[in-house]
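Since the structure comes first, as structure tokens, the remarks are kept for the end.
There are 2 protein chains.
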Amino acid sequence: MDIKQFKPRLKSNNQETVLKLVSLGGVGDVTKNMYVYEYGDDIVIIDCGIGFPDEAMLGIDLVIPDITYLRDKKHKIRGIVITHAHEDHIGGLPYIWPELQCPIYTQKLTAGLIRAKFAEHNLPRNKINTVNLDTKLRLGAFGVSFYKVSHSVPDSTGIVLDTPVGRVVHQADFKLDWTPVIPGEVTDVGKLATIGTQGVLLMLIDSLRVERSGYNLSERTIQPTFAKIESETKGKVLITTTSSNLTRIQQAANVAVETGRKLVLVGRSMENNFQVARDLGYLHIPSGLVIPMDEVKRYPDEKLLLVIAGSQGQPGSALSRVANDDHKQITLRQNDTVVFSADPIPSTESAQHALIDKLAKFGASVYYTALTDDLHVSGHAAAEELKVMINLAKPKYLMPIGATFRQMKVFSQMCQDLGYAADHILLSEDGQMIEATHQQVKLGGTVPASNIYVDGLGVGDVGSVVLRDRQVMAEEGIVLVIVPIDVRTSKAAGEPDIISRGFVFEKEAEGLLENAKKVVSQSLANHPNSVLDWRFTRRHIEEKLDEYFYRQTQRRPMILPVLVEV
Amino acid sequence: MDIKQFKPRLKSNNQETVLKLVSLGGVGDVTKNMYVYEYGDDIVIIDCGIGFPDEAMLGIDLVIPDITYLRDKKHKIRGIVITHAHEDHIGGLPYIWPELQCPIYTQKLTAGLIRAKFAEHNLPRNKINTVNLDTKLRLGAFGVSFYKVSHSVPDSTGIVLDTPVGRVVHQADFKLDWTPVIPGEVTDVGKLATIGTQGVLLMLIDSLRVERSGYNLSERTIQPTFAKIESETKGKVLITTTSSNLTRIQQAANVAVETGRKLVLVGRSMENNFQVARDLGYLHIPSGLVIPMDEVKRYPDEKLLLVIAGSQGQPGSALSRVANDDHKQITLRQNDTVVFSADPIPSTESAQHALIDKLAKFGASVYYTALTDDLHVSGHAAAEELKVMINLAKPKYLMPIGATFRQMKVFSQMCQDLGYAADHILLSEDGQMIEATHQQVKLGGTVPASNIYVDGLGVGDVGSVVLRDRQVMAEEGIVLVIVPIDVRTSKAAGEPDIISRGFVFEKEAEGLLENAKKVVSQSLANHPNSVLDWRFTRRHIEEKLDEYFYRQTQRRPMILPVLVEV
Numbered sequence: 290m291d292i293k294q295f296k297p298r299l300k301s302n303n304q305e306t307v308l309k310l311v312s313l314g315g316v317g318d319v320t321k322n323m324y325v326y327e328y329g330d331d332i333v334i335i336d337c338g339i340g341f342p343d344e345a346m347l348g349i350d351l352v353i354p355d356i357t358y359l360r361d362k363k364h365k366i367r368g369i370v371i372t373h374a375h376e377d378h379i380g381g382l383p384y385i386w387p388e389l390q391c392p393i394y395t396q397k398l399t400a401g402l403i404r405a406k407f408a409e410h411n412l413p414r415n416k417i418n419t420v421n422l423d424t425k426l427r428l429g430a431f432g433v434s435f436y437k438v439s440h441s442v443p444d445s446t447g448i449v450l451d452t453p454v455g456r457v458v459h460q461a462d463f464k465l466d467w468t469p470v471i472p473g474e475v476t477d478v479g480k481l482a483t484i485g486t487q488g489v490l491l492m493l494i495d496s497l498r499v500e501r502s503g504y505n506l507s508e509r510t511i512q513p514t515f516a517k518i519e520s521e522t523k524g525k526v527l528i529t530t531t532s533s534n535l536t537r538i539q540q541a542a543n544v545a546v547e548t549g550r551k552l553v554l555v556g557r558s559m560e561n562n563f564q565v566a567r568d569l570g571y572l573h574i575p576s577g578l579v580i581p582m583d584e585v586k587r588y589p590d591e592k593l594l595l596v597i598a599g600s601q602g603q604p605g606s607a608l609s610r611v612a613n614d615d616h617k618q619i620t621l622r623q624n625d626t627v628v629f630s631a632d633p634i635p636s637t638e639s640a641q642h643a644l645i646d647k648l649a650k651f652g653a654s655v656y657y658t659a660l661t662d663d664l665h666v667s668g669h670a671a672a673e674e675l676k677v678m679i680n681l682a683k684p685k686y687l688m689p690i691g692a693t694f695r696q697m698k699v700f701s702q703m704c705q706d707l708g709y710a711a712d713h714i715l716l717s718e719d720g721q722m723i724e725a726t727h728q729q730v731k732l733g734g735t736v737p738a739s740n741i742y743v744d745g746l747g748v749g750d751v752g753s754v755v756l757r758d759r760q761v762m763a764e765e766g767i768v769l770v771i772v773p774i775d776v777r778t779s780k781a782a783g784e785p786d787i788i789s790r791g792f793v794f795e796k797e798a799e800g801l802l803e804n805a806k807k808v809v810s811q812s813l814a815n816h817p818n819s820v821l822d823w824r825f826t827r828r829h830i831e832e833k834l835d836e837y838f839y840r841q842t843q844r845r846p847m848i849l850p851v852l853v854e855v
Numbered sequence: 290m291d292i293k294q295f296k297p298r299l300k301s302n303n304q305e306t307v308l309k310l311v312s313l314g315g316v317g318d319v320t321k322n323m324y325v326y327e328y329g330d331d332i333v334i335i336d337c338g339i340g341f342p343d344e345a346m347l348g349i350d351l352v353i354p355d356i357t358y359l360r361d362k363k364h365k366i367r368g369i370v371i372t373h374a375h376e377d378h379i380g381g382l383p384y385i386w387p388e389l390q391c392p393i394y395t396q397k398l399t400a401g402l403i404r405a406k407f408a409e410h411n412l413p414r415n416k417i418n419t420v421n422l423d424t425k426l427r428l429g430a431f432g433v434s435f436y437k438v439s440h441s442v443p444d445s446t447g448i449v450l451d452t453p454v455g456r457v458v459h460q461a462d463f464k465l466d467w468t469p470v471i472p473g474e475v476t477d478v479g480k481l482a483t484i485g486t487q488g489v490l491l492m493l494i495d496s497l498r499v500e501r502s503g504y505n506l507s508e509r510t511i512q513p514t515f516a517k518i519e520s521e522t523k524g525k526v527l528i529t530t531t532s533s534n535l536t537r538i539q540q541a542a543n544v545a546v547e548t549g550r551k552l553v554l555v556g557r558s559m560e561n562n563f564q565v566a567r568d569l570g571y572l573h574i575p576s577g578l579v580i581p582m583d584e585v586k587r588y589p590d591e592k593l594l595l596v597i598a599g600s601q602g603q604p605g606s607a608l609s610r611v612a613n614d615d616h617k618q619i620t621l622r623q624n625d626t627v628v629f630s631a632d633p634i635p636s637t638e639s640a641q642h643a644l645i646d647k648l649a650k651f652g653a654s655v656y657y658t659a660l661t662d663d664l665h666v667s668g669h670a671a672a673e674e675l676k677v678m679i680n681l682a683k684p685k686y687l688m689p690i691g692a693t694f695r696q697m698k699v700f701s702q703m704c705q706d707l708g709y710a711a712d713h714i715l716l717s718e719d720g721q722m723i724e725a726t727h728q729q730v731k732l733g734g735t736v737p738a739s740n741i742y743v744d745g746l747g748v749g750d751v752g753s754v755v756l757r758d759r760q761v762m763a764e765e766g767i768v769l770v771i772v773p774i775d776v777r778t779s780k781a782a783g784e785p786d787i788i789s790r791g792f793v794f795e796k797e798a799e800g801l802l803e804n805a806k807k808v809v810s811q812s813l814a815n816h817p818n819s820v821l822d823w824r825f826t827r828r829h830i831e832e833k834l835d836e837y838f839y840r841q842t843q844r845r846p847m848i849l850p851v852l853v854e855v
């Protein structure tokens, strides 16, 4: 094995510069991964993902990292290196890359999926560079090399950064799977061991599943479960999973081959990912196996196996439309079987449960993790797998990534049990600078790293004020108070008008709203001279109405007084 | 054992009347349990619970059953019989009982907790009747008797209804626990066996956990886990659980006794439930063990064990306030330990995770189910426990309750494996009538059984229109268009004004809103004659603005045009 350490270029004045590392997303918040490594005039970025909105982010489609920190440093950026093709590692590129315009480096499949994404967003693809596992990049002060890891998408890698202060191993999402479904997708523990013997200053490592003791089962355990369910199904088999989970799709395809069913990919993301992966040779699909959607009606149900998007119960997804009998080509029948081969994630659990219920009510057989074992294995390492990797890399310092704080604390305890001193485990958060020298790695200052919200076409135009307004209106509705003001006398010209939405059902609450008008009239009468002092009048009406409504209903709608000059 | 079957009163004309059973909540929706049994002129109701709002029920505090079906039948209601003291079985009483005013019958602890609830709502307590396990009630055509079951609150019961068409066993929430924490709280399988040998027409049974194979562990497995955690804690121990989980509170108290810590109940619901249960003799608490909140500061941290409300991360709950350093008497310190002794329920999982993260970040040790075994056991029977009960009662017909449809389907399959014909298992839903004669039990017609929303003081005044409005405003905000109209000319008198909330940040979107004004002006100019045709003008402005905003932002805010006559 030929692994040489890069000879890093040292500053000419021979004074050691500090390596700075900051996460703009991915530490303490699981998704939205983006890590900035900075040494002198050189910056290398690892990953550029999206995050998913939580319940408080009303109406938000997705979340991207805040690149404020990079805005005056664009000239320093030597490249973005991508670890693997999951949305929380590549999904931010279409929003962020246009501003950075730097080269992207990643393995073949990941590059292919990013190219497809850029094509969709009408972005140029000429800066997307395909590397392989032997590639050694020189990006300014950084040497960059790769090693293979198992994960739920092929071509996942660990990244080795050789820096002037020492070697950093950046181990994003991975697991150990010695019998992968797609041949060769085995974590290269030998290469990591070699890297480890050469000395590693710092290792960042995916700690999402540190709370799970032991090891993950092999992905290969899933296919027999699919086969068994298929053998009991008289009608169509529908298997739903995350559309990036190509190994799961391969196993579904294998069952289709064995049982003489035709394979149908349903859902745009499912079709796209399948196509790119197949074209690049990552899926092994006999010709004639896949039929296009518009041929589905030519086959009897018992000859069809569908792999369908929408495993989290997303509204509008292919499976949701099928469940609502709203899909053009696919009609669910009682003999059909639906298999959920994906665990719910906390924020979508209710939606997935509701979808399962709808399908069950319809009469189809439904299989899911709570009921059937071996329908899903995680793509993330459990505790014993983490310990293996740490013992191979033997870093001086460790930093958990891709995890919430509670998991980072468990990780820290685990590492202390392995013999690490507590101050050699860096519990960081987004925007927290890490400063590394040959001797020491420690926490530094902070940089901006908030959530940037994407809502429709708007990127960053929805902020905390807008979200707070949405929250209030979501909880209690809005009450609009229209006060006509006579411009000549500066006095109220007649009765105020009140309109509400999302507060009470107006037809049944006439008395409440009539009395509210009186409250407004009264408060205007009490301050006849200040009616044209807009701010005062407005605040006064808000206070009085808020008090009145709360007393009557114990609700606090948003109150929006509008003075109209007549 | 003295169990005689009641001799039911038959109708004088000797013609058999049908027994009607309808669930107004609890079938297909887990919570909000309320079952109406009707025979001729007599109605007996079992349970009257609340439900918890799902994500789509914005701003709703809780949900209660729809009693439309009962409104013209109040004179027939002979009583409400309550199975046990959980909110989803008793919580609806303060809202519904005032309208029904009928007697309530239940066991001692449940009666005590309902009395406390009625006192809080200023309701009379004189119709709350305490029964015991030997009580035989005659409620019109119905004979009512009870048998003890294990559950996570003491005094839980199964109910036996003797009706003119045969015996019905109504088995709400239960499990089998042969070593209960509170002595005597063992499911009385002997009594149920005797009931079974006398013939049971129909059994309703809690099927929430039918997907879980095997048996539950005993509740008793929890206390050693508490003890171990306590022994490793240098500061305060905070244990959080559902405030009705008295067995869990007893185990926390036992650990306090063994380790010489003082016990503190934190949170109103926790204090209330504890007080009632202790006064009635259900908790075994040595005198001097409990100290009131205002004495907490007189004891060192290592002498305190707190049982605290807020295990689901509810905002405003005691534990949330502690985590936010916003609790008057309790300050969290790094040596303290917080133990979550309650699994998250799907709709609160994110809130619980966020709370755990906040506590972990603070530096306290946090224990929870994902990390530590034996911190929670379910109160609901797993599959093998269900099979035991079914084999004891030997009903001709079975009906799963307290479960979602997917669980009901699994229950049906399980019963078919036990030898039941599929048509002897009634998969019902709220509002679905069940009709029973001596010979047969079958599905009948439907009655109203929607969700009645409670929001603040309002019961039922928030309906689907209001919720839809809240949903739109939550997702995309609201845009208000104020159009001044000259009453004399019926024409727009000047520029329209536009105000938005929750849509875009106005200061940054001036151009968008200025252009929107032009869109409104233009659409008014295009239809100069119809400005005073309110409906037309309004719809026209809505359409044009919707189109404009969607094109510009891909958002569809609520648009509210207001014409002001000047």
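For the protein sequence lines, the chains are A and B, in the order given.
Counting in our numbering, the first sequence runs from 290 upward without gaps.
Counting in our numbering, the second sequence runs from 290 upward without gaps.
From the three backbone atoms N, C-alpha and C, an ideal C-beta is built for every residue, glycine too.
With a threshold of 9 Å between beta-carbons, can Ser301(A) be considered close to chain B, or not? Within the first sequence, residue 301(A) is the residue found at index 12, counting from 1. In this prediction, Ser301(A) scores a pLDDT of 49, lower than 50, which makes its location untrustworthy; the coordinate-derived value is nonetheless stated afterwards. No - not a single Cβ of chain B is within 9 Å of the one on Ser301(A).
How many whole angstroms separate the CB atoms of Lys573(B) and Gln540(B), which I take to be in contact at a CB cut-off of 8 Å? If you number the second sequence from 1, residue 573(B) lands on position 284. If you number the second sequence from 1, residue 540(B) lands on position 251. One point to set straight first is that residue 573(B) is His, not Lys, in the sequence displayed. That belief does not hold up - the Cβ atoms of His573(B) and Gln540(B) are roughly 11 Å apart, past 8 Å.
Which residues does DSSP list as the beta-bridge partners of Pro689(A)? As a working mapping, residue 689(A) is identified with position 400 in the first sequence. In the DSSP output, where bridge partners are listed per residue, Pro689(A) has Ile494(A).
Classify Gly317(A) as buried or exposed, calling it buried when 16 or more other Cβ atoms lie within 10 Å of its own Cβ. Taking the first sequence and counting its residues from 1, the one referred to as residue 317(A) is at position 28. Buried, since its Cβ has 16 or more Cβ neighbours within 10 Å.
Identify which residue in Glu854(B), Ile393(B) and Leu412(B) has its Cα closest to the Cα of Thr778(B). Looking up residue 778(B) in the second sequence gives position 489. Out of Glu854(B), Ile393(B) and Leu412(B), Glu854(B) has the C-alpha closest to the C-alpha of Thr778(B).
Just reading off the beta strand (DSSP E) that Val730(B) is part of, what are its end residues? By one-based count along the second sequence, residue 730(B) stands at place 441. Here the beta strand (DSSP E) through Val730(B) covers Val730 to Thr735.
What residue range is occupied by the uninterrupted beta strand (DSSP E) comprising Val724(B)? Position 435 of the second sequence, counting from 1, holds the residue named residue 724(B). First, the amino acid is wrong: residue 724(B) is Glu here, not Val. Gln721 to Ala725 is the extent of the beta strand (DSSP E) around Glu724(B).
Can you name the residues that DSSP bridges to Pro850(B)? Locating residue 850(B) in the second sequence gives position 561, where the first residue counts as 1. According to DSSP, Pro850(B) bridges with Val770(B).
Checking the sheet assignment: what are the DSSP bridge partners for Ser441(A)? What you label residue 441(A) is simply residue 152 of the first sequence in a count that begins at 1. Answer by DSSP bridge pairing: none, since Ser441(A) is not bridged.
Taking 7 Å as the limit between beta carbons, can you name the residues of its chain near Thr476(A), skipping five residues before and five after? Within the first sequence, numbered from 1, the residue matching residue 476(A) stands at position 187. For Thr476(A), where only same-chain residues beyond five positions count, the Cβ hits under 7 Å are Lys437, Val438, Ser439, Phe463 and Leu465.
Would DSSP call Asn421(A) helix, strand or coil? By one-based count along the first sequence, residue 421(A) stands at place 132. Residue state, collapsed to three classes: coil.
Give the C-beta separation of Ile774(A) and Pro785(A) to the nearest angstrom, bearing in mind that I take them to be a contact with Cβ-Cβ under 8 Å. Counted from its first residue, the first sequence places residue 774(A) at position 485. Counted from its first residue, the first sequence places residue 785(A) at position 496. In fact, because the Cβ distance is near 10 Å, the residues do not count as touching under 8 Å.
From this set, Tyr839(A), Lys833(A), Phe435(A) and Arg844(A), which residue's C-alpha is nearest Pro850(A)'s C-alpha? The residue given as residue 850(A) occupies position 561 in the first sequence. Checked all of Tyr839(A), Lys833(A), Phe435(A) and Arg844(A); the closest Cα to Pro850(A) is Lys833(A).
For the structure I just gave you, are there three or more beta carbon pairs, one from the stretch 524–532 of chain B and one from the stretch 719–737 of chain B, closer than 8 Å? no
Listed from N- to C-terminal order along the chain, which residues in the stretch 584–613 of chain B have their beta-carbon within a distance smaller than 9 Å of any beta-carbon of chain A? none
Same chain, Cβ closer than 6 Å to Glu376(A), neighbours up to 5 away in sequence not counted: Your numbering for residue 376(A) matches position 87 in the first sequence. Contacts found: Ile339.
So, is the C-beta of Gly524(A) closer than 9 Å to a C-beta in chain B? Along the first sequence, one-based indexing puts residue 524(A) at 235. Answer no: the Cβ-Cβ gap between Gly524(A) and chain B never drops below 9 Å.
Below 7 Å between beta carbons is the criterion; list the residues of the stretch 481–514 of chain B that meet it against any residue of chain A, in chain order. Glu500
Using a Cβ cut-off of 7 Å, which residues of the stretch 689–713 of chain A contact any Cβ in chain B, in chain order? Thr693, Phe694, Arg695, Lys698 and Val699
Bridge partner(s) assigned by DSSP for Tyr328(B): Numbered from its first residue, the second sequence carries residue 328(B) at position 39. The partner list for Tyr328(B) (beta bridge, DSSP) reads Leu308(B) and Asp331(B).
Based on the DSSP secondary-structure assignment, which residues constitute the bridge partners of Asp786(A)? To locate residue 786(A), count along the first sequence from 1; it is residue 497. DSSP lists Ile771(A) as partners of Asp786(A).
Smallest Cα separation from Val596(A): which of Lys586(A), Tyr588(A), Ala607(A) and Ala649(A)? The residue labelled residue 596(A) in the question sits at position 307 within the first sequence. Nearest C-alpha to Val596(A): Ala607(A).
In DSSP terms, what Met323(B) is bridged to: Position 34 of the second sequence, counting from 1, holds the residue named residue 323(B). Answer is Gly314(B).
Continuous alpha helix (DSSP H) stretch holding Pro383(A): start and end: Here residue 383(A) refers to the residue found at position 94 when the first sequence is read from its first residue. Per DSSP, Pro383(A) belongs to the alpha helix (DSSP H) from Leu382 to Leu389.
DSSP beta-bridge partners for Leu593(A)? Sequence index remark: in the first sequence, residue 593(A) carries index 304 (1-based). According to DSSP, Leu593(A) bridges with Lys551(A).
Of all the residues that make up the stretch 792–819 of chain A, which are near chain B by a beta-carbon distance shorter than 8 Å? Phe792, Val793, Phe794, Glu797 and Ala798
Identify whether Phe407(A) lies in helix, strand or coil by the three-state DSSP scheme. For this step, residue 407(A) is matched to residue 118 along the first sequence. Helix.
Where does Leu715(A) fall in DSSP's three states? Within the first sequence, residue 715(A) is the residue found at index 426, counting from 1. Coil, per DSSP.
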